[in-house]
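The next block holds one structure in the form of structure tokens; read it before the comments.
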Amino acid sequence: MTTFDITGIVQSLHDARHSWRRIQSRSSEAGNREFPSRNALAAIIENLKGVLFPMRLGPPDLRQESENFHVAHTLDAALHALLKQVRRELSYNASLQLGERSDIDTDALTAVRSFAAALPAIRTLLDSDVLAAYQGDPAARSVDEVLLCYPGVLAMIHYRLANKLYQLGLPLLARIVAELAHSATGIDIHPGARIGAGFFIDHGTGVVIGETAVIGERVRVYQAVTLGAKRFPAEGDGTLQKGLPRHPVVEDDVVIYAGATILGRITIGKGAVIGGNVWLTHDVPAGGRVAQAESREGALANGIGSA
810 MTTFDITGIV QSLHDARHSW RRIQSRSSEA GNREFPSRNA LAAIIENLKG VLFPMRLGPP
870 DLRQESENFH VAHTLDAALH ALLKQVRREL SYNASLQLGE RSDIDTDALT AVRSFAAALP
930 AIRTLLDSDV LAAYQGDPAA RSVDEVLLCY PGVLAMIHYR LANKLYQLGL PLLARIVAEL
990 AHSATGIDIH PGARIGAGFF IDHGTGVVIG ETAVIGERVR VYQAVTLGAK RFPAEGDGTL
1050 QKGLPRHPVV EDDVVIYAGA TILGRITIGK GAVIGGNVWL THDVPAGGRV AQAESREGAL
1110 ANGIGSA
């Protein structure tokens, strides 16, 4: 009969865990720790989709006359489930902080109530995103098709919900919600990014939008576009500085074509058009046009990308 060195492996894993905890100054932690559940959040978001768009993303047998009943019942269940996950994140945050702890139950309830109150505004923003996709894609035959089929719209539903959680001081929940969409669509939008109404991601695979990116209204981007950071300033001990504005500002009515890489805290002016496969690290004025050859010449002039 085949045997395994279970005892030795268990001891080695024990040693690895305790080495990590010692390095991270967590050796003295006591009691259980419960993290937010990715599976639970996935179920909550599915229910919230049905709350936001009951006749399209709700149950297939739903009728308009029972729409409000369904929304009320589903929303109540989703908010109670979310409250449990919020408590877990706040408890986790408290365990990492020194000093007096706040009232987690009260703070969690306040956060979930604020999140719930924001849902009508989130629905309005999503309506603008759906309409932008329908109007911006000649292949779209209806807004229903856009809502049901387009990965960019799915990513925006997750982003709009995650962004509110992020604003409420729940970054771990927000990242999980955003990563659920990332896994499903290949579109990576950090929940801390600020995105205005009428945002359309066409095709979408490979789009990356960083934490401090600011995007205006009626902006359209295509697949494999990156709004990223150019460099990462470090502290004296080598650790990266957190929270600095390091991603682009994209003003209203900008179009960014497939494969463009836009890096650093630069501004793309209103109505500008950025061509496909452009590598861009400098400002573009309002109404500007940047093509690949022009971008290359500008990069070489700035000493970027030279051999």
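For the sequence shown, the numbering used here puts the final residue at 1116, and the numbers step up evenly by one.
Note that beta-carbon positions come from the ideal geometry of N, C-alpha and C, so glycine has one too.
Because the structure is a prediction, the values reported are computed rather than measured.
Residues near residue i in its chain [Cβ-Cβ closer than 8 Å; skip 5 each side]
i	result
G978	A920
V939	V952, V955, L956, V962
Secondary structure of residue i, DSSP reduced to three states
i	result
V819	helix
V1099	strand
V1030	strand
W829	helix
T1076	strand
I1010	strand
D912	coil
S1115	Note that S1115 scores 27 on pLDDT, short of 50, meaning its location in the model is unreliable; the coordinates nonetheless yield the value given after this. S1115 falls in the coil class under three-state DSSP.
A1043	strand
V1064	strand
Euclidean distance between Cα positions of residue i and residue j
i	j	result
L866	A851	14 Å
L963	V1099	29 Å
V1059	I1018	11 Å
Q1050	L935	33 Å
Q820	S834	21 Å
K1079	R1029	12 Å
A1006	A887	25 Å
E990	I966	A small fix is needed here, since residue 990 is Ala in this sequence, not Glu. Those two C-alpha atoms are separated by around 9 Å.
A917	G995	31 Å
R831	H823	12 Å
S937	F1008	8 Å
I815	L892	39 Å
R826	F878	49 Å
One or two residues paired with residue i in a DSSP bridge
i	result
A1036	Note that residue 1036 is Leu in the sequence shown here, rather than Ala. Answer by DSSP bridge pairing, in chain order: I1018, I1071.
V1023	R1003, V1058
V1093	I1077
D997	V1017
V1082	V1064, R1098
L934	Note: L934 sits in no beta bridge, so no partner.
L1049	A1043
Neighbour flag for residue i against chain C, beta carbons, 9 Å
i	result
V895	Note that chain C does not occur in the displayed structure, where there is just one protein chain.
Spatial neighbours of residue i in its chain, beta-carbon cut-off 7 Å, leaving aside the 5 residues before and after
i	result
P1054	T1021, R1074
Same chain, Cβ closer than 6 Å to residue i, neighbours up to 5 away in sequence not counted
i	result
V860	V880, T883, L884
V1063	V1028, I1077, A1081
T1014	G995, Q1032
Going residue by residue through the segment 867-909, where are the continuous alpha helix (DSSP H) segments of at least 4 residues, counting only ones entirely within it?
Complete alpha helix (DSSP H) runs here, min 4: 876-904.
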